[in-house]
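Peer 1:
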Amino acid sequence: MNVTKFHVDNLKDSNDIISLRGHLQAMDGVHAVRIDNLSNTITVEYENNLSPESLASEIRKYKYTRL
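When you number the sequence shown by the working numbering, it's gap-free, plus one each residue, and the end is 73.
1. Distance, Cα to Cα, T47 vs H29?
2. By DSSP, does D22 sit in helix, in strand, or in coil?
3. V50 lies in the beta strand (DSSP E); which residues open and close that run?
4. What residues in its chain sit with their C-beta under 6 Å from that of L73, if we drop five residues either side in the sequence?
5. Would you check if the distance between the CB atom of L17 and the CB atom of I23 is smaller than 7 Å?
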């Protein structure tokens, strides 16, 4: 089990962060996603079959399509 924190400063508001949370939770191998609206971070708990790079890639894709 791995845990990584990602900064999501480029999202417009807390609704975008919550929506991204749902997107990440739907990924196979993700166990938990915690958001912190004050610091604009998302903490993801995931299995070894995922990597921080693959999660960061999904976040980047999401940010570009939501802006």
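Think of the CB as a built atom: it goes at the ideal place given N, C-alpha and C, for glycine as much as any other residue.
No experiment lies behind these values; they were computed from the predicted model shown.
Peer 2: Quick look at the numbers:
1. On the sequence shown, residue 47 is found 41 positions in, with the first residue counted as 1. On the sequence shown, residue 29 is found 23 positions in, with the first residue counted as 1. Between the C-alpha atoms of T47 and H29 there is a straight-line separation of about 15 Å.
2. Counting from 1 along the sequence shown, the entry for residue 22 is found at position 16. Here D22 carries a helix assignment [DSSP, helix/strand/coil].
3. By one-based count along the sequence shown, residue 50 stands at place 44. Its beta strand (DSSP E) spans residues T47 to Y52.
4. As a position in the sequence shown, residue 73 is number 67, starting the count at 1. Low confidence applies to L73: its pLDDT is 48, below 50, so where it sits in the model is not reliable, and the reading given next is rough at best. Counting only Cβ-Cβ distances below 6 Å, and skipping sequence neighbours, we find nothing.
5. As a working mapping, residue 17 is identified with position 11 in the sequence shown. As a working mapping, residue 23 is identified with position 17 in the sequence shown. In this structure, I23 lies closer than 7 Å to L17 by Cβ.
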